[in-house]
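Undergrad: Please read through the structure below; I'll follow up with questions.
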């Protein structure tokens, strides 16, 4: 299977690290008597999400803060729509009052993106060598799931992740909660099972991380 696009070479150094980590984790599971690349993918995904947690937490908290002020922001935009200069001033005052920085979530996202994309390219065409790349019901991690179970899990966990991360449910958010899981599930049908397993695992870990952050946020609010 060919690499998905010409940009994979940009992430080649990180891909090399992930390839080495995958093989090392496979050998680790093999010593435990499992010898599973599927388990190696799950372990590597969890390790990556733990390492990136400080950045993820900063991004999630910024998103929740923006969602919290969204209704007030909408009122200001409607009230001062004919006076952009005053509207901009009022918006900045709102951000300052609520302690919100609209750019705070951008930097963590930009830092994480190369790592997540490199993992994507690594698993899209990972060389499993002589090992049998089967896992649970999956005959091969290098091929799509013939039973469509992983695409369904990927779609459901995407929906759940969106649901627990949103504080304001406007019309646009409602549409995205339907469209995004369907899109993820649809493209997962034709992607290698190893890649979809990574997505699903990443979603599950992020759900737990989001619940943890929500709990801390609610404690601070109280």
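Residue numbers (the working numbering): 13 to 234.
Where is the CB? At the ideal position from N, CA and C, for every residue including glycine.
These numbers come from a predicted model, not from an experiment.
Which of the three DSSP states is assigned to residue 147 in this structure?
TA: Three-state result, residue 147: strand.
Undergrad: Could you check how far apart the C-beta atoms of residue 150 and residue 157 are, in whole angstroms? I think they sit under 8 Å.
TA: With a Cβ gap of about 6 Å, residue 150 and residue 157 count as contacting.
Undergrad: Tell me which residue opens and which closes the alpha helix (DSSP H) that residue 110 is part of.
TA: Its alpha helix (DSSP H) spans residues 96 to 110.
Undergrad: Checking 9 Å against the spacing of the C-beta atoms, do residue 196 and residue 154 come in under that value?
TA: Contact flag unset, no.
Undergrad: To the nearest angstrom, how far is it from the Cα of residue 135 to the Cα of residue 203?
TA: Answer to the nearest angstrom: the Cα atoms are 10 Å apart.
Undergrad: Please state if the CB of residue 45 and the CB of residue 38 are separated by a distance shorter than 9 Å.
TA: The answer is no: Cβ separation not under 9 Å.
Undergrad: With distances taken from CA atoms, which of 220, 112, 199, 67 is nearest residue 162?
TA: Selected option, being the one with the closest Cα: 199.
Undergrad: Please report the residue range of the alpha helix (DSSP H) in which residue 204 lies.
TA: Neither: residue 204 is in no alpha helix (DSSP H) and is coded neither H nor E.
Undergrad: Could you pull out every residue in the same chain whose Cβ sits closer than 6 Å to the Cβ of residue 129, ignoring the five residues on either side in sequence?
TA: Result list for residue 129: 23, in chain order.
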